[in-house]
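Heads up: the structure comes next, in structure tokens.
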Amino acid sequence: MLRRELPPTAGLPAAWRDFLPPWRRSFARDVASWLGGEWSLLTSSGTAALCIAFNALSRLAPGRRHVVLPAYTCPLVAEAVLRSGLTPRLCDTREGHFDFYPDALAACCDEDTLAIVATHLAGRVADVALARRHADACGAFVIEDAAQAFGARVREPGQAWQSVGHRGDVGIFSFSVGKGLTLFEGGLAVARDERIRESLAASERKLQRRAPLRELQRATELMGYAALYRPRTLSLVYGAPLRRALAREDVVSAVGDRARHAIPIHRVSRFRQTAGTRALARYQAHLEAASDRAARLREALAALPGVQVLDDPPGQAGIWMFLILVLSDEARRNEVLRPLWGAGLGVTRLFAMALPDYPQLKGRIHAPPLPHARAFAARTLTLGNSAWLDPQAMDHVMAALRTRIP
Ligand SMILES: Cc1ncc(COP(=O)(O)O)c(C=O)c1O
Numbered sequence: 116m117l118r119r120e121l122p123p124t125a126g127l128p129a130a131w132r133d134f135l136p137p138w139r140r141s142f143a144r145d146v147a148s149w150l151g152g153e154w155s156l157l158t159s160s161g162t163a164a165l166c167i168a169f170n171a172l173s174r175l176a177p178g179r180r181h182v183v184l185p186a187y188t189c190p191l192v193a194e195a196v197l198r199s200g201l202t203p204r205l206c207d208t209r210e211g212h213f214d215f216y217p218d219a220l221a222a223c224c225d226e227d228t229l230a231i232v233a234t235h236l237a238g239r240v241a242d243v244a245l246a247r248r249h250a251d252a253c254g255a256f257v258i259e260d261a262a263q264a265f266g267a268r269v270r271e272p273g274q275a276w277q278s279v280g281h282r283g284d285v286g287i288f289s290f291s292v293g294k295g296l297t298l299f300e301g302g303l304a305v306a307r308d309e310r311i312r313e314s315l316a317a318s319e320r321k322l323q324r325r326a327p328l329r330e331l332q333r334a335t336e337l338m339g340y341a342a343l344y345r346p347r348t349l350s351l352v353y354g355a356p357l358r359r360a361l362a363r364e365d366v367v368s369a370v371g372d373r374a375r376h377a378i379p380i381h382r383v384s385r386f387r388q389t390a391g392t393r394a395l396a397r398y399q400a401h402l403e404a405a406s407d408r409a410a411r412l413r414e415a416l417a418a419l420p421g422v423q424v425l426d427d428p429p430g431q432a433g434i435w436m437f438l439i440l441v442l443s444d445e446a447r448r449n450e451v452l453r454p455l456w457g458a459g460l461g462v463t464r465l466f467a468m469a470l471p472d473y474p475q476l477k478g479r480i481h482a483p484p485l486p487h488a489r490a491f492a493a494r495t496l497t498l499g500n501s502a503w504l505d506p507q508a509m510d511h512v513m514a515a516l517r518t519r520i521p
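Using this note's numbering, read the sequence shown as starting at 116 and increasing by one per residue.
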């Protein structure tokens, strides 16, 4: 019998009726309007959207070669910068957080800076205004990486709520598996400025290649997701490979951060677009249910000394696919994680390490001292916020957190 396995994030389950004809090519338009905008570019992945954005912005500011990234983010972002022929400039994070440390950000920016990538992680919202101030001071663009924040919103004082992604020059989203709404793999770019939109569209035309076999594979994988994304079968595709990686002490694979050899850029079929549009109709209710569950989890976790859950300050309404827990130090985090990781409870780590420490990036990016980003990678773990996290499973998590913290 397969063991019960909870997912590390609260993905929106796919329904078989999502796959029925008629199939329409309207996902980009539907998502744009769901986000409160009128334009978006659908891409084959979030990484593809980043490559297209880097290419498009380089056309508008030729000669600028540096892209500023927070040192704690998805390694695919650094990979996209490198494959675009640009140089990542890693910026340390605030202590106990993933967002830019303001003084370090100032030191990363100069007349070679093409873009600053403000990154909304774990559904939480980054300080885009900070990135904007520094970008304006050196004539750079701001890209909002909202790969983990599709549905998160912000409100400036005196203004209405708006989606993340619209305050940067370019916003990117991901629909890869585990991101909430999924096409199994997919991405999106948004932009307000007409010149930037045109440049993004031109870059997409230039970089995309026909890939019918890969598209067939993604369509099959999306149907596989519909069939297997439930506690009874998830161990086949998630839990078993995770436990094998843990047995090999391969943290990078356990987290799911392994290097991708290719970044294919291709169009998304009508079949997957239609599935996405139909799932989108259920997404708001999914977000609201996840937000209610997360509020209850945060309340329970707040009772534990030495455990901090990243939360939204006023003016931000993030999404709650999973919670990110910050513990006092690495030894304690590892002790808590040991009995939970691989136990089928949806507990894992967001990223295995800070960017320059990934084996696939070692020696390819210059690494200044990054004490806060490294400490954040070492002190954090995540708890999946799926509807299947029942009180019994939560008791296990609470017990591990309680007994291991003095
Ligand atoms: C912050 C961030 N940016 C970009 C990406 C790349 O998105 P994709 O997996 O759709 O290529 C990811 C993927 O996990 C991510 O977490």
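Just so it is clear, CB atoms sit at the ideal spot from N, CA and C, and this is done for glycine as well.
Residues near residue i in its chain [Cβ-Cβ closer than 7 angstroms; skip 5 each side]
{"i": "residue 307", "result": "281"}
{"i": "residue 483", "result": "205"}
{"i": "residue 373", "result": "367"}
{"i": "residue 454", "result": "515"}
{"i": "residue 193", "result": "184, 203, 470, 476 and 480"}
{"i": "residue 512", "result": "455, 460, 462 and 498"}
Limits of the unbroken beta strand (DSSP E) element including residue i
{"i": "residue 182", "result": "181-185"}
{"i": "residue 231", "result": "228-234"}
{"i": "residue 437", "result": "437-442"}
{"i": "residue 423", "result": "422-424"}
{"i": "residue 203", "result": "202-206"}
{"i": "residue 158", "result": "156-158"}
Terminal residues of the alpha helix (DSSP H) in which residue i lies
{"i": "residue 284", "result": "Premise fails: residue 284 is in no alpha helix (DSSP H) and is neither H nor E."}
{"i": "residue 414", "result": "385-417"}
{"i": "residue 161", "result": "161-175"}
{"i": "residue 379", "result": "No alpha helix (DSSP H) contains residue 379, which DSSP labels as neither H nor E."}
{"i": "residue 117", "result": "From DSSP, residue 117 is part of no alpha helix (DSSP H); its letter is neither H nor E."}
{"i": "residue 213", "result": "Run containing residue 213: none; DSSP gives neither H nor E here."}
{"i": "residue 448", "result": "445-455"}
{"i": "residue 507", "result": "506-518"}
{"i": "residue 476", "result": "No alpha helix (DSSP H) contains residue 476, which DSSP labels as neither H nor E."}
{"i": "residue 292", "result": "Where residue 292 is concerned, there is no enclosing alpha helix (DSSP H), given that its DSSP letter is neither H nor E."}
{"i": "residue 218", "result": "217-223"}
{"i": "residue 369", "result": "366-370"}
Beta-carbon contacts of residue i that lie in its chain and below 6 angstroms, excluding the five residues immediately before and after
{"i": "residue 408", "result": "500"}
{"i": "residue 298", "result": "290, 387 and 391"}
{"i": "residue 223", "result": "183, 204 and 206"}
{"i": "residue 301", "result": "290 and 383"}
{"i": "residue 124", "result": "293, 436, 437 and 499"}
{"i": "residue 467", "result": "366, 367, 370 and 372"}
{"i": "residue 278", "result": "150, 151 and 268"}
{"i": "residue 234", "result": "185, 188, 241 and 260"}
{"i": "residue 464", "result": "370 and 496"}
{"i": "residue 489", "result": "469"}
{"i": "residue 406", "result": "435"}
{"i": "residue 174", "result": "314"}
Which of helix, strand or coil DSSP assigns to residue i
{"i": "residue 486", "result": "helix"}
{"i": "residue 354", "result": "helix"}
{"i": "residue 253", "result": "helix"}
{"i": "residue 299", "result": "strand"}
{"i": "residue 189", "result": "coil"}
{"i": "residue 491", "result": "helix"}
{"i": "residue 348", "result": "coil"}
{"i": "residue 259", "result": "strand"}
{"i": "residue 243", "result": "helix"}
{"i": "residue 199", "result": "coil"}
{"i": "residue 499", "result": "strand"}
{"i": "residue 141", "result": "coil"}
{"i": "residue 268", "result": "strand"}
{"i": "residue 432", "result": "strand"}
Cβ-Cβ separation, residue j to residue i (assumed contact under 8 angstroms), whole Å
{"i": "residue 189", "j": "residue 275", "result": "No, residue 189 and residue 275 are not in contact; Cβ-Cβ is about 30 angstroms, not under 8 angstroms."}
{"i": "residue 419", "j": "residue 438", "result": "Their Cβ separation, rounded to whole angstroms, is 12 angstroms, which puts residue 419 and residue 438 out of contact at 8 angstroms."}
{"i": "residue 117", "j": "residue 350", "result": "5 angstroms"}
{"i": "residue 495", "j": "residue 447", "result": "That belief does not hold up - the Cβ atoms of residue 495 and residue 447 are roughly 11 angstroms apart, past 8 angstroms."}
{"i": "residue 195", "j": "residue 228", "result": "With a Cβ gap of about 16 angstroms, residue 195 and residue 228 do not count as contacting."}
{"i": "residue 433", "j": "residue 264", "result": "6 angstroms"}
{"i": "residue 237", "j": "residue 257", "result": "The pair is not a contact, with the Cβ atoms about 20 angstroms apart (cut-off 8 angstroms)."}
{"i": "residue 266", "j": "residue 286", "result": "Not really, about 13 angstroms apart at Cβ, beyond 8 angstroms."}
Any chain B beta carbon closer than 8 angstroms to residue i
{"i": "residue 174", "result": "You won't find chain B in this structure, because it holds only one protein chain."}
Sequence-distant residues of its chain with Cβ nearer than 8 angstroms to residue i (five each side left out)
{"i": "residue 509", "result": "412 and 415"}
{"i": "residue 356", "result": "368"}
{"i": "residue 352", "result": "339 and 343"}
{"i": "residue 572", "result": "Nothing can be reported for residue 572: it is not among the residues displayed for the chain, which extend from 116 to 521."}
Exercise for the section: Let me know the alpha helix (DSSP H) ranges lying completely inside the segment 299-335, each 4 residues or longer, listed in chain order. Expected result: 309-322
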